[in-house]
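*Asks:*
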DNA sequence: TCGCATGACGAACACCGTTCGTCAAGAACA
DNA sequence: TGTTCTTGACGAACGGTGTTCGTCATGCGA
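Residue numbers (my numbering), protein chains in the order written: chain A, 1 to 225; chain B, 1001 to 1225.
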């Protein structure tokens, strides 16, 4: 940062106070990077650079990258809106999950991060509690509900991550598409017939449909043994 | 590898022929590492070391790690057993998915790898085709089926990955458990009441239950617009 | 005003994926 | 039997990563 450590600190003028670090400031900087460069830019050195400091400074506030990622995720999860008291439990549950999905989708790279990070911050708890309450209201038995929370959250997260993969200029999807295009009708008849439908549909359509499917399953299935 | 490049190659005795590299040999070595050290040991250098060569040699057969991972995944997916022609389509679909799940579960770290790798190898195609055929047999409409394949495979993969996280001596699950234990009854009543059920159940029970839930939802839901 | 706790941070360590240039072995051909 | 030419093997290096350690400065309590 400074040119020579032997001389006096000359240029405090340019960045007047250089506000001190904090978990909040670090999370904000990381979030900005996530949006600009995606998850690949989310390195300790890169975050520190944006804060005009060194990577080692971040370790005062976070034990490791996992912890920073968890804080990052929970920070964004604050934006998930819990549904109001109106409407059926199904509609409200769906609204909650759609909100969850859209929050993950809104920020580039966030869904991918959510997949590899176990969120257990206060905002996660808030969401879990709300889902449990809604399932309880819907008459879903307690054991089903407990496991259902995991099912719903995990699935919304993973579908967001998958769609994020498809959205970015990824070599993965193009490879799948080219593989599908090369499928012959006599070797894989069904796949051949549906090869265009397989990759069709935009994100929100597919995920809302999938959320419906899972809620349907949850509300009709019997309790786990 | 050799001590001095100036002298003659003296010790070819110890490893007589040093069988040449191949995609197959590399995948086998990588698989062995995956089983012994988990996904963290799966680096190019580490794989090469097991083959008694340098990392650069692997790039003759794989363009990058993504490609190697995809090959690795598809290689293991060969073990997924497609169900026989007997039984209802539901039972057979469930059997296929359970097999898929158990294959991912059997090898430490594989599920985690599957989450971040888009599988589009021949074995994936084989499985996709089978799922499509079963859904078709079950009268699920084509559009639902096309999206349902994605839903089913993605979900089985992610639940396997999550359970793998829990199985290994992970700091993640213990943190969740401790957070749940600290939940107060008046702040999060439902969560408090179900805090033991949330983390209960072993892997196969939960995943089989979840697979049932999704198939239920798929078979009752209407087509996507 | 004097310690002292604490945050900031440069340097270093041990890794990582990937590329490049070189070298040897084998195939193809004269 | 030479002689070229292709191809795989691979050491070294580049630029990145997470993390730790030792040191320095700052601001606060005494």
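Backbone N, C-alpha and C fix where the C-beta goes; we use that ideal spot for every residue, glycine too. A quick note: this is a predicted structure, and the numbers were derived from the prediction, not measured.
Would you mind working out which of 1122/B, 1101/B, 1185/B, 1190/B sits nearest residue 1161/B, comparing C-alpha positions?
*Replies:* Counting from 1 along the second chain, the entry for residue 1161/B is found at position 161. The candidate whose alpha carbon is nearest that of residue 1161/B is 1101/B.
*Asks:* If we define contact as Cβ-Cβ less than 8 Å, is residue 217/A a contact residue for chain B?
*Replies:* As a first step, residue 217/A is located in the first chain; it is residue number 217 there, counting from the start. Cβ-Cβ to chain B under 8 Å: yes for residue 217/A.
*Asks:* Compute the beta-carbon to beta-carbon distance between residue 42/A and residue 51/A, rounded to the nearest angstrom, for a pair I have assumed lies under 8 Å.
*Replies:* Translated into the one-based positions of the first chain, residue 42/A becomes position 42. Translated into the one-based positions of the first chain, residue 51/A becomes position 51. Contact doesn't hold; Cβ gap of about 14 Å is too wide.
*Asks:* Would you say residue 3/A lies against chain B (beta-carbon separation less than 8 Å)?
*Replies:* As a position in the first chain, residue 3/A is number 3, starting the count at 1. Because residue 3/A sits at a pLDDT of 36, beneath the cut-off of 50, its placement in the model cannot be relied upon, and the following sentence gives the value as read from the coordinates. Closer than 8 Å: no.
*Asks:* For residue 20/A and residue 114/A, I'd like the C-alpha separation in whole angstroms.
*Replies:* Counting from 1 along the first chain, the entry for residue 20/A is found at position 20. Counting from 1 along the first chain, the entry for residue 114/A is found at position 114. Whole-angstrom Cα-Cα distance: 28 Å.
*Asks:* So with CB distances below 8 Å, who are the chain B contacts of residue 91/A?
*Replies:* Along the first chain, one-based indexing puts residue 91/A at 91. In chain order: nothing, as chain B lies at least about 16 Å away.
*Asks:* Just the Cα atoms here: how many angstroms apart are residue 1217/B and residue 210/A?
*Replies:* Translated into positions along the second chain, residue 1217/B becomes position 217. Translated into positions along the first chain, residue 210/A becomes position 210. Their Cα atoms are separated by approximately 9 Å.
*Asks:* Helix, strand or coil for residue 215/A? Go by DSSP, reduced to three states.
*Replies:* As a working mapping, residue 215/A is identified with position 215 in the first chain. Three-state result, residue 215/A: helix.
*Asks:* What residue from 36/A, 30/A, 195/A has the CA that sits closest to residue 1129/B's CA?
*Replies:* Within the second chain, numbered from 1, the residue matching residue 1129/B stands at position 129. With distances taken between Cα atoms, residue 1129/B lies closest to 195/A.
*Asks:* Listed in chain order, which residues of the segment 140 to 162 of chain A have Cβ atoms closer than 9 Å to some Cβ of chain B?
*Replies:* 142, 143, 144, 145, 146, 147, 148, 149, 150, 151, 154, 155, 157, 158, 159, 161, 162
*Asks:* Check this for me: beta carbons of residue 69/A and residue 117/A, under 8 Å apart or not?
*Replies:* For this step, residue 69/A is matched to residue 69 along the first chain. For this step, residue 117/A is matched to residue 117 along the first chain. Yes. Within cutoff.
*Asks:* Is there a C-beta anywhere in chain A that falls below 8 Å from the one on residue 1210/B?
*Replies:* Position 210 of the second chain, counting from 1, holds the residue named residue 1210/B. Residue 1210/B counts as touching chain A.
*Asks:* Distance cutoff 8 Å, beta carbons only. Does residue 44/A sit that close to anything in chain B?
*Replies:* As a first step, residue 44/A is located in the first chain; it is residue number 44 there, counting from the start. No, no contact with chain B.
*Asks:* Could you tell me which of 61/A, 143/A, 150/A, 46/A sits nearest to residue 97/A, measuring between CA atoms?
*Replies:* The count along the first chain starts at 1 and reaches residue 97/A at position 97. The shortest C-alpha separation from residue 97/A is found at 150/A.
*Asks:* Indicate whether at least one CB of chain B lies closer than 8 Å to the CB of residue 207/A.
*Replies:* The sequence position of residue 207/A within the first chain is 207, counting from 1. Output row for residue 207/A: interface = no.
*Asks:* Could you check whether residue 1176/B and residue 120/A sit closer than 8 Å to each other, using their CB atoms as the reference points?
*Replies:* Reading the first chain from its first residue, position 120 is the one you call residue 120/A. Reading the second chain from its first residue, position 176 is the one you call residue 1176/B. Yes, Cβ-Cβ distance for residue 120/A and residue 1176/B is below 8 Å.
*Asks:* Using DSSP with H/G/I as helix, E/B as strand and the rest coil, what is residue 141/A?
*Replies:* The residue given as residue 141/A occupies position 141 in the first chain. Here residue 141/A sits in coil by DSSP.
*Asks:* Got a sec: which bits of the segment 119 to 134 of chain A sit with their beta carbon under 7 Å from any beta carbon on chain B, in order along the chain?
*Replies:* 120, 125, 128, 129, 132, 133
*Asks:* Closer than 9 Å by beta-carbon distance: list the chain B residues that pair up with residue 183/A, in chain order.
*Replies:* Residue 183/A sits at position 183 when you count from the first residue of the first chain. In chain order: 1125, 1129.
*Asks:* Please report the distance separating the alpha-carbon of residue 1002/B from that of residue 1055/B.
*Replies:* Position 2 of the second chain, counted from the start, is the residue given in the question as residue 1002/B. Position 55 of the second chain, counted from the start, is the residue given in the question as residue 1055/B. Note on residue 1002/B: pLDDT 35, under 50, position unreliable in the model; the coordinate value appears next. Between residue 1002/B and residue 1055/B, the C-alpha separation is close to 16 Å.
*Asks:* Compute the distance between the beta-carbons of residue 1127/B and residue 1073/B, then report whether it is under 8 Å.
*Replies:* Residue 1127/B sits at position 127 when you count from the first residue of the second chain. Residue 1073/B sits at position 73 when you count from the first residue of the second chain. Cβ atoms of residue 1127/B and residue 1073/B: not closer than 8 Å.
*Asks:* Under a three-way DSSP split, which group does residue 1108/B fall into?
*Replies:* What you label residue 1108/B is simply residue 108 of the second chain in a count that begins at 1. The answer is coil: DSSP assigns residue 1108/B none of H, G, I, E or B.
*Asks:* Measure the C-alpha to C-alpha separation of residue 143/A and residue 1156/B and round it to an integer number of angstroms.
*Replies:* Numbered from 1 along the first chain, position 143 holds the residue referred to as residue 143/A. Numbered from 1 along the second chain, position 156 holds the residue referred to as residue 1156/B. Roughly 20 Å between the two C-alpha positions.
*Asks:* Work out the CA separation of residue 111/A and residue 46/A for me, nearest whole Å.
*Replies:* In the first chain, counting from the first residue as 1, residue 46/A sits at position 46. In the first chain, counting from the first residue as 1, residue 111/A sits at position 111. Taking the straight line joining both Cα atoms gives about 20 Å.
*Asks:* So for residue 61/A, helix, strand or coil by DSSP?
*Replies:* Taking the first residue of the first chain as 1, we reach residue 61/A at position 61. Residue 61/A: coil per DSSP, three-state reduction.
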